[in-house]
Every structure is written in structure tokens, then in C-alpha cells.
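Have a look at the structure below before the remarks.
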Amino acid sequence: MGQTVQVIIYIYIGVCIAMLVFNGIFAVSRRASLHHLNRRSEKLENMIRLQITLMQRGEPLSPRIQKRIFSQLHTSRGLMAFHGAVTRIREQQPDAAAEYLRLCRPQFLGLAVSLRHNDMKKAYFAYLMAQYRIERDMPHSALSEIMIEFACSPNAYCRENALKALYSFGSAENVVAALLRLDQLHIHHHSKLLSDGLASFSGDHEKLCSLLWQQYPRMSPDLRLVFVNYARLVSGNFCAEFLELLENPREDKEVRLAAIRYFRRYRYDPALPVLLRFVSEDAGTDWEYAAIAALSLRTYPGEETAAALKAALSSPHWYVRFNAADSLGALGLTRSEAQEIYNGGDRYAREMLAFRMNETRARKGEKGV
Numbered sequence: 082m083g084q085t086v087q088v089i090i091y092i093y094i095g096v097c098i099a100m101l102v103f104n105g106i107f108a109v110s111r112r113a114s115l116h117h118l119n120r121r122s123e124k125l126e127n128m129i130r131l132q133i134t135l136m137q138r139g140e141p142l143s144p145r146i147q148k149r150i151f152s153q154l155h156t157s158r159g160l161m162a163f164h165g166a167v168t169r170i171r172e173q174q175p176d177a178a179a180e181y182l183r184l185c186r187p188q189f190l191g192l193a194v195s196l197r198h199n200d201m202k203k204a205y206f207a208y209l210m211a212q213y214r215i216e217r218d219m220p221h222s223a224l225s226e227i228m229i230e231f232a233c234s235p236n237a238y239c240r241e242n243a244l245k246a247l248y249s250f251g252s253a254e255n256v257v258a259a260l261l262r263l264d265q266l267h268i269h270h271h272s273k274l275l276s277d278g279l280a281s282f283s284g285d286h287e288k289l290c291s292l293l294w295q296q297y298p299r300m301s302p303d304l305r306l307v308f309v310n311y312a313r314l315v316s317g318n319f320c321a322e323f324l325e326l327l328e329n330p331r332e333d334k335e336v337r338l339a340a341i342r343y344f345r346r347y348r349y350d351p352a353l354p355v356l357l358r359f360v361s362e363d364a365g366t367d368w369e370y371a372a373i374a375a376l377s378l379r380t381y382p383g384e385e386t387a388a389a390l391k392a393a394l395s396s397p398h399w400y401v402r403f404n405a406a407d408s409l410g411a412l413g414l415t416r417s418e419a420q421e422i423y424n425g426g427d428r429y430a431r432e433m434l435a436f437r438m439n440e441t442r443a444r445k446g447e448k449g450v
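Just so we're aligned, residue 82 is where the sequence shown starts under this note's numbering, counting upward by one.
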């Protein structure tokens, strides 16, 4: 028994020593790799600065130096070294760096073509294009077409970076083309990523919304949802159109719910009767309509709204009751109205209003009842 314990201890010590050796070798290897990457980046930086000097003198870029620079960018580490070099130059000479990158369009195009069969390299290249924005305000370009192609990659990182590049370029036409192609190919990209990405678009948001609305009939329900959520973030000019969507029972449920949220952000009086109807019809499996409509009604103060929200406090669905109480609080429930609910015979309404008021006090640092 004692000998077995000793063997186990020796094995444990051996494993610990092996781990220490491995960690040491890994640390040395990583340090050497970083040193090599930094040296490579410094050499690229020196060559780029030479090109910038020529550019500032009014002379053309040296083809020989350009070839040397871009010959090193066919690997991931080469792209990383180039990015580090450009980042340092941009910190000191932002305008000169931007002009140099703009003049490198032909070389970037050739590089994109050579990298198109490797997802990791494509993803990093697309990330650089999003950072450099060299195709800004150029709706028709070969590089933008390649970014649209990259956006249809099965690799999520490549797809997201390519879309970010297109957002940064600022061409509404190219963004619409990429989204439609993704949709037609049934390539799933998370709707939150798409909506947030569209919100970062560097061009004209109203133009992009208009182009997307023109393509609405061709969109799948998923892309329609992305569009409505995006429009809610950037434009209040689709109230009439989204009210039609909301009143269309054949429209996808998630799209209609997104339209209700749109009318919370942008007040549109013709939408009030529809929101009131959703709250009053609260029943069955469609309680989500009532719950979100109850939140949106806070944008429409008035007697009808207050009456509908008070009635919603009696809903059998907890979220409907909670949202109704939340909106009543936001609209400014008077003391007499609160007392009327507390003294009423509806236990649901009393409990939810008390819960909401206690929660509000807790958020404000007060002691709840």
C-alpha cells in the first residue's frame, strides 16, 4: 500500500515537471513569435513611410516597394503585421495614412482575390477593410463585390466582418445586395447582429431604409424582422407602412411585435386604436401582443389609455399585468387612482401595482412597503 502511494506521488511530480517544462517552452516560443511579428511589422512600417514620403512629394508610389509590402500579406501573420504598422502610422499621420490606403486599392483587390479560399484570412482581411474604409462612397466597385461574396461565407466571423466592411463603406445599394443574397441562400446570421450592424451604417440611413422597404415583399420573415428593428433605431418615417403590417393578420408574428415596439418609440396617433385593441383582446397564446402593446401605450397618454391599462392589471398573464403597471407608473398614476385599485376587489391588480411600486422605490434606493 505504501509503495503504491509513493508511485502515485512520483507520477504526480513527473506530471508537474512536464507541465512546467511545457509552459516554459510555450512562453519562450510565444515571446520569440511576438518578437518576430514586431520586427516584421516595423519593416512594413518603414516601407509604408517611404511610400508616404513619395506621395507627399507629389511623386507616384514605388511599384517595387508596393510589391514587397503586399507580397507579405498572403498569410494571417503578414496581415497582422501590416495592421500593426498602419495603426501606428494612423496615430501619427491619419490623413497621410488614409490617402496611402486609398492609393492601395488595386493591391487590396488583388489580395482579396488571392485570399478568397481561406476563411480565416478572408475574415481578417474583411476586418481590415472595415477599419480602413477605402471604398467609402463608392457604390460600384470590384472590392465591394468581393465583400458581398465574403458576406455569404459559411464562416460566421468572415460573414460578420464582411458585413461590417460593407456598412463602413457607406453604400446602401451594396448593403441591400448583401442582405438579399444572404436571404436567398438561406444563410442564417443572427438578427441582433444584423440590426445592430445596420445601425452602424456610415451612409444615409433614410436611403438604406427606403431601399430595404422596396425589397420588403422579397424578404423572408427573418429579414423582415431585421428591417423593422433597424428602422425602429434610425427612422420615424415608416409609421403608416408599419401600421399596415401590424393590422395584417397574415404577417409574421415577430414582425408584428416589432412593429408594436416601433410605435412605442415613435408616436403615431392612428396606431392608438390598434394598440388598445391588442391590450383589451389579451387572450389565448397571443398574450405577447397585449404585453408589448401595454408597454407601447406609455407613449400615448390619455383617458382611453389609462382605462385600458387599468383593465390590463387584471390580465391572467403576468407580463401583461407587469407591463401595464409599468406604463401606468410612467404615465403618472395619481394617488386617488392608485387608492382606487388598492381598494378594489381585484387581487391581481392590487398585487401587481404594489409589486411595481415597490420595485420603483427599490430602484430609487427607497424602502419598499
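Quick reminder that beta carbons are idealized off the backbone N, C-alpha and C, glycines included.
> Between Glu126, Ala405, Ala352, Thr156, which lies nearest to Gln147 when the distance is taken from Cα to Cα?
Replying inline: Glu126
>> Helix, strand or coil for Pro282? Go by DSSP, reduced to three states.
In response: Looking at the sequence provided, one finds Phe at residue 282 rather than Pro. It is coil, neither helix nor strand.
> How about Arg262 and Cys233: are their beta carbons less than 8 Å apart?
Replying inline: yes
> Distance, Cα to Cα, Leu182 vs Gln137?
Replying inline: Between the alpha carbons of Leu182 and Gln137 lies a distance of about 14 Å.
> So, helix, strand or coil for Asp333, using DSSP?
Replying inline: coil
> What do you get for Met100, buried or exposed, if any count of 16 or more other CB atoms within 10 angstroms of its CB means buried?
Replying inline: exposed
> Taking all protein chains shown into account, do 16 or more other C-beta atoms lie within 10 angstroms of the C-beta of Gln295, making it buried, or fewer, making it exposed?
Replying inline: exposed
> Should the region 240-260 be regarded as contacting the region 213-232, the criterion being three or more beta carbon pairs within less than 8 Å?
Replying inline: Three or more Cβ pairs closer than 8 Å define a contact, and the region 240-260 meets that threshold against the region 213-232.
>> Quick check on the DSSP output: what are the complete beta strand (DSSP E) runs of length 3 or more inside the region 120-200, in order along the chain?
In response: Here no run is fully enclosed.
> Hey, Leu304 and Leu260 are a contact pair by Cβ (cut 8 Å); roughly how many whole angstroms apart?
Replying inline: 6 Å
> Going along the chain, which residues of its own chain have a beta-carbon closer than 6 Å to the beta-carbon of Ala372, five neighbours each way excluded?
Replying inline: For Ala372, same chain residues with a beta-carbon under 6 Å away, outside a window of 5 residues either side, are Tyr400, Val401, Asn404 in chain order.
> Do you know how far the Cα of Lys202 is from the Cα of Leu409?
Replying inline: 54 Å
> Is it right to say Asp285 is buried, meaning 16 or more other beta carbons lie within 10 angstroms of its own, or is it exposed?
Replying inline: exposed
>> Measuring alpha carbon to alpha carbon, tell me which residue in Pro141, Glu226, Glu362, Arg145 is nearest Pro397.
In response: For the residues Pro141, Glu226, Glu362, Arg145, the minimum Cα distance to Pro397 belongs to Glu362.
>> So, for Ser316: in the same chain, excluding its five sequence neighbours on each side, which residues have a beta-carbon less than 7 Å away from its beta-carbon?
In response: His286, Glu287, Cys290
> Which word fits Ala66, buried or exposed, when buried means at least 16 other C-beta atoms lie within 10 angstroms of its C-beta?
Replying inline: Residue 66 falls outside the range modelled here, since the chain spans only 82 to 450, and no answer is possible.
> Should Ala321 go down as buried or exposed, given a rule of 16 or more other Cβ atoms within 10 Å for buried?
Replying inline: exposed
> In terms of residue numbering, what span does the alpha helix (DSSP H) encompassing Thr380 cover?
Replying inline: Careful: Thr380 lies outside any alpha helix (DSSP H) and carries neither H nor E.
> Three-state secondary structure (DSSP) at Asn236?
Replying inline: coil
> Taking DSSP as the reference, what is the three-state secondary structure of Ile89?
Replying inline: helix
> Exposed or buried, Cys185, counting other C-beta atoms within 10 Å across all chains shown (16 or more means buried)?
Replying inline: buried
> Just reading off the alpha helix (DSSP H) that Arg452 is part of, what are its end residues?
Replying inline: The question about residue 452 has no answer here: the residues shown for the chain are numbered 82 through 450.
>> Can you find the residues in the same chain that come closer than 8 Å, C-beta to C-beta, to Ile94, ignoring five residues on each side of it along the sequence?
In response: Here Ile94 has no same chain residue with a Cβ atom under 8 Å from its own Cβ, once five neighbours each way along the sequence are excluded.
>> Using C-beta distances below 8 Å, list every residue in its chain close to Met128, excluding the 5 sequence neighbours before and after it, in chain order.
In response: Ile146, Arg149, Ile150
> How close, in whole Å, do the beta carbons of Leu357 and Phe344 come, if the pair is a contact with beta carbons under 8 Å?
Replying inline: Leu357 to Phe344, Cβ: 12 Å. No contact.
>> Below 8 Å on the Cβ atoms is my contact criterion, and I expect Leu224 with Ala253 to pass it. Report the Cβ-Cβ distance as a whole number of Å.
In response: Actually they are not in contact, since the Cβ atoms of Leu224 and Ala253 sit about 17 Å apart, beyond 8 Å.
> In chain order, what residues of the same chain lie with their CB nearer than 8 Å to the CB of Glu123, ignoring the 5 residues before and after it?
Replying inline: Ala166
> Near Glu241, what residues of its chain come up, given a Cβ to Cβ distance below 7 Å and the 5 sequence neighbours on each side ignored?
Replying inline: Leu274
>> For Asp200 and Asn236, which I take to be in contact (beta-carbon distance under 8 Å), what is that distance rounded to the nearest angstrom?
In response: Confirmed, Cβ separation roughly 4 Å.
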